[in-house]
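Inspection log for the structure reproduced underneath, given as structure tokens.
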Amino acid sequence: MFLNRLSIEQKELFLDLCIHASKSNNDFSAEEKETINQYCEEMHINIRYDEEHDLNEIADKLAEISSEQDLRMILLETAGLLLSDNKYDDEEKKFFDTLAEKLGLDKAQTDDVIGMLRELTDVYTRINGFVFG
């Protein structure tokens, strides 16, 4: 939704971040891979499933080259990835909280973002129920 606004460098770092996030609970699901595919299509970059940088390097570089708005977009899209398989376990929550901290964002924002995306998912479910009965 917002990823096309990122620079090429931010996009590649975000992809690495997505790969780390998907592996954070040792379950790189098919839904997470599909979400990564969609993100890469939106960003117009090549799909890959192996990270090129470690998480600290990614977070440091993103924090250095990104505005706060960029970082909030990255946090939102990372949350979408983590929720894409309809699971949000303790390992993923720990990863997400740590990510927010490393990016210099308020930890409370992680709970807000997850809540907003869950609400959005509920609305989509209700719309699909209405349309497809």
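Last residue of the sequence shown: number 1099 in the working numbering, and the count goes up by one each step with no gaps.
C-beta atoms are modelled at their ideal positions from N, C-alpha and C, and glycine is treated no differently.
State yes or no: is the C-beta of residue i within less than 7 Å of the C-beta of residue j?
i: E998; j: S1050; result: yes
i: L1048; j: A996; result: no
i: I1013; j: N1003; result: yes
i: V1079; j: L1042; result: yes
i: I1024; j: L983; result: yes
i: G1046; j: L1021; result: no
i: N991; j: D1055; result: yes
i: A1029; j: G1081; result: no
Determine the direct distance from the alpha carbon of residue j to that of residue i, and round the result to whole angstroms.
i: K1027; j: E1058; result: 22 Å
i: H1103; j: G1099; result: Residue 1103 lies beyond the range of the chain shown here (967 to 1099); nothing can be said about it.
i: E1067; j: F994; result: 23 Å
i: Y1015; j: K1073; result: 27 Å
i: M967; j: T1001; result: 12 Å
With a threshold of 16 other CB atoms inside 10 Å of the CB of residue i, please say whether the residue is buried or exposed.
i: I1093; result: exposed
i: E978; result: buried
i: Y1052; result: According to the sequence displayed, residue 1052 carries Asn and not Tyr. Exposed, by the Cβ-count rule.
i: L1086; result: exposed
i: Q1035; result: exposed
i: T1076; result: buried
i: T1091; result: exposed
i: I974; result: exposed
Which two residues bound the contiguous alpha helix (DSSP H) that contains residue i?
i: D1020; result: Looking at the DSSP string, D1020 is not in any alpha helix (DSSP H), and its letter there is neither H nor E.
i: M1039; result: 1034-1049
i: K1108; result: Because the chain here runs from 967 to 1099, residue 1108 falls outside it and cannot be looked at.
i: N1003; result: 996-1009
i: S973; result: Where S973 is concerned, there is no enclosing alpha helix (DSSP H), given that its DSSP letter is neither H nor E.
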